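2 protein chains.
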Amino acid sequence: MSFDPQSLRYNEDGLIPAIAQDRASGEVLMMAWMNAESVARSLETGRVTYWSRSRQAFWVKGESSGHSQILVDFRYDCDRDCVLVVVDQTGPACHTNRRSCFYTAVRAGEVVELMAPEQS
Amino acid sequence: MSFDPQSLRYNEDGLIPAIAQDRASGEVLMMAWMNAESVARSLETGRVTYWSRSRQAFWVKGESSGHSQILVDFRYDCDRDCVLVVVDQTGPACHTNRRSCFYTAVRAGEVVELMAPEQS
């Protein structure tokens, strides 16, 4: 069955959450949002393309930073309302220069930082 | 620094997306939603507790199915608007009886099913 980006379920703003996972490490790198057109562009170009809610514009990950995400596998969930992109990540995924955006943990009620920014 | 669940950023419905990742396999299992109280309950009880948008009720994962998620690590992202829970998953995470909700991929424009329901 061929895939139609419109067949996914988008929220009232036309957006769907997209989780990026690193192919090599399995690490969850970030979560951002896509609209139907950014789903289509990601699949067509092989470069993960989000929709920036703050800029209201397409966001080709790494276009300005060089920290691009090459699409390895595009998946969606049972409810069709969440996307998982498996990626080859170049450099850190997070704008803080950390490998993953999920660098903060709560352990025994305390906030713990799990990783430091990478040196560039 | 001690953690306050209210310090996370919730959407206009008071919800934050929560990604569950299996500790052992690294697999992304599902994405569901939490409110501040379900964040607090997950941390207090060590059992991952979502907020069911359809039922408008707390949803202790596995409470009815037995497919519970024991909280191993609670993390949040740089923007404080997404949660990652690392879990020990008992049985399949998906209501379709599959290990993960992300069992559908798009490859070369075609929809591909990656895993079958587990036998119970």
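Chain order of the listed sequences is A and B. Per my numbering, the first sequence starts with residue 129, numbered consecutively. Per my numbering, the second sequence starts with residue 129, numbered consecutively. Where is the CB? At the ideal position from N, CA and C, for every residue including glycine. For clarity, every value in this text was computed on a predicted model and none was experimentally measured.
Beta-carbon proximity list for residue i, same chain, < 7 Å, skipping 5 on both sides
i        : result
A:Asp150 : Leu157, Val215 and Gln217
A:Trp179 : Leu143, Trp161, Met162, Asn163, Ser166, Phe186 and Trp187
A:Gly190 : Ser196, Gln197 and Thr218
B:Leu171 : Phe202
B:Val176 : Ala148, Ser170, Lys189, Gln197, Leu199, Val213 and Val215
A:Ser192 : none
Three-state secondary structure (DSSP) of residue i
i        : result
B:Ser182 : coil
A:Arg226 : coil
A:Thr173 : helix
A:Pro245 : coil
B:Glu238 : strand
A:Ser153 : coil
B:Ala168 : helix
A:Ser130 : strand
A:Arg203 : strand
A:Pro220 : coil
Close beta carbons around residue i, own chain, < 6 Å, minus the five adjacent residues each side
i        : result
A:Val167 : Pro133
B:Tyr138 : Ile144
Sequence-distant residues of the same chain with beta carbon closer than 8 Å to residue i, five excluded per side
i        : result
A:Tyr231 : Cys222, Thr224, Glu241, Leu242 and Met243
B:Pro96  : Nothing about residue 96 of chain B can be read from this structure; chain B reaches only from 129 to 248.
B:Leu136 : Ile144, Ala164, Val167, Tyr204, Arg208, Asp209 and Val211
A:Gly194 : Thr218 and Gly219
B:Val239 : Thr232 and Ala233
A:Met266 : Outside the shown range of chain A (129 to 248) lies residue 266 of chain A, about which nothing can therefore be said.
A:Ala152 : Asp216
A:Phe131 : Leu171
Bounding residues of the beta strand (DSSP E) (the contiguous stretch that carries residue i)
i        : result
B:Thr232 : Thr232 to Arg235
A:Arg137 : Where A:Arg137 is concerned, there is no enclosing beta strand (DSSP E), given that its DSSP letter is neither H nor E.
A:Asp216 : Val211 to Gln217
Buried versus exposed call for residue i [16 or more other C-beta atoms within 10 Å across all chains shown]
i        : result
A:Arg181 : exposed
A:Arg183 : exposed
Nearest candidate by alpha-carbon position, reference residue i, set the options
i        : options                                   : result
B:Gly237 : A:Gln247, A:Met159, A:Thr173 and A:Gly154 : A:Thr173
B:Val213 : B:Glu140, B:Val234, B:Glu155 and B:Gln184 : B:Glu155
A:Ser228 : A:Val200, A:Val239, A:Asp201 and A:Ala148 : A:Ala148
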